[in-house]
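Quick note: the sequence shown uses my numbering, first residue 19, plus one each step.
Even glycine gets a Cβ: it sits at the ideal position worked out from N, Cα and C.
Here the structure is laid out as structure tokens; the discussion comes afterwards.
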Amino acid sequence: PYFEQRTAFEVVENIRERLKKENTIYPQVKEKDIFSDIIGHQDIKRIMKSMITSIFTKKTPVSILLDGSAGTAKSMFLKEIQKNFPEPQTYYIDGSKATKAGIFDVLMKDTENRIKILLIDEVEKLDIDHQEGLLTLIEDGRIVQVQKNGTFDKKYDNLSVIAASNDKDSMLYPLLTRFYKIKIKDYSKAEFRSIGQIVLKPYGLDESVINYIIDVVLKQEGPNIRSLKQIGKLCNNSVEMVNLLIENSG
19 PYFEQRTAFE
29 VVENIRERLK
39 KENTIYPQVK
49 EKDIFSDIIG
59 HQDIKRIMKS
69 MITSIFTKKT
79 PVSILLDGSA
89 GTAKSMFLKE
99 IQKNFPEPQT
109 YYIDGSKATK
119 AGIFDVLMKD
129 TENRIKILLI
139 DEVEKLDIDH
149 QEGLLTLIED
159 GRIVQVQKNG
169 TFDKKYDNLS
179 VIAASNDKDS
189 MLYPLLTRFY
199 KIKIKDYSKA
209 EFRSIGQIVL
219 KPYGLDESVI
229 NYIIDVVLKQ
239 EGPNIRSLKQ
249 IGKLCNNSVE
259 MVNLLIENSG
């Protein structure tokens, strides 16, 4: 009958549309240089791009922890993933500001399991309840949320977790063991000097001021890109101000 044919046609079209939406993700991974704004770390870029391709094409959840010193571009890796794969494909969390309700409410409300990657910066700063909840999510693919009106449990399929940490040893040990840990090494002095020139140039600083900031940061803190940017923004193209900022930093 016409009605049955029409219904079957609509079913097929709905399936085609769903597959079309899913398949638009893969070319984005394959063709784009996802981490083009990050300087250096070429091996890490290759690993991360491969992992993201696997997440979206093989639909195999992974748990990755980027570990390293402050200012080694860990946060930038997470931000670049978020930028290239915005919500609802990814959901970003700042571990230093997260609330348990904030994390798990979003996943509970995602009834179609559209979020594929949970991005957590400074994961070690999550409180113990958060970390235990994250452990359950990674280990069993379940979200357990206790509220005044009862306990809610949801199965979450194919959700990957990519996190970053400055101090992995302060994490809950069982949670730490569930991650594949990738060490992001500090920049060498030569790399830091080259990156410093690129990072500080947009602030309209004289070459002498740029070189002075790079030297001072290397001496005081080592190759910390974050400090480099902060001083570059605040120094007003003045070596004297650079010294004041360094002398009075907390």
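Cβ-Cβ separation between E140 and S178: approximately 18 Å, too far for a contact (criterion under 8 Å). Shown here, T71 sits in a helix according to DSSP, grouped into three states.
A Cβ-Cβ distance of about 19 Å is found for the pair S183 and D61, leaving them out of contact under the 8 Å criterion.
Shown here for S206: not one same chain residue has a beta carbon closer than 7 Å to its own, the five before and five after excluded. Per DSSP, L84 is one residue of the beta strand (DSSP E) stretching across 81 to 85. Taken in chain order, the complete beta strand (DSSP E) segments of 3 residues or longer contained in the segment 99 to 156 are 108 to 112, 135 to 139.
Counting along the chain, Y230 sits inside the alpha helix (DSSP H) bounded by residues 225 to 238. Beta-bridge partners assigned by DSSP to S206: none are found. Contact check for I121 and I135: beta-carbon distance about 14 Å, past the 8 Å limit, so the pair fails to qualify.
Cβ contact annotation for H59 (same chain, cutoff 7 Å, sequence separation greater than five): A91, I202, in chain order. Residue state for K97 is assigned as helix, using DSSP reduced to three classes. Spanning the alpha carbons of L236 and I138 requires a straight line of approximately 28 Å.
Note: K92 is not bridge-paired with any residue in the DSSP secondary-structure output. Between M66 and the set K186, K77, F53, the nearest pair of CA atoms involves F53.
Short of 6 Å from the beta carbon of N102, and not among the five residues preceding or following it, lie these beta carbons of its own chain, in chain order: I52. Distance from Y174 to I161 at the Cβ level is roughly 6 Å; contact confirmed, criterion being Cβ atoms closer than 8 Å. DSSP places S183 within a strand segment (E or B) once states are collapsed to three. Listed as beta-bridge partners of D171 by DSSP are V162.
Beta bridge pairing from DSSP links Y198 with I82.
Straight across, the Cα-Cα distance linking P241 with V217 is about 13 Å.
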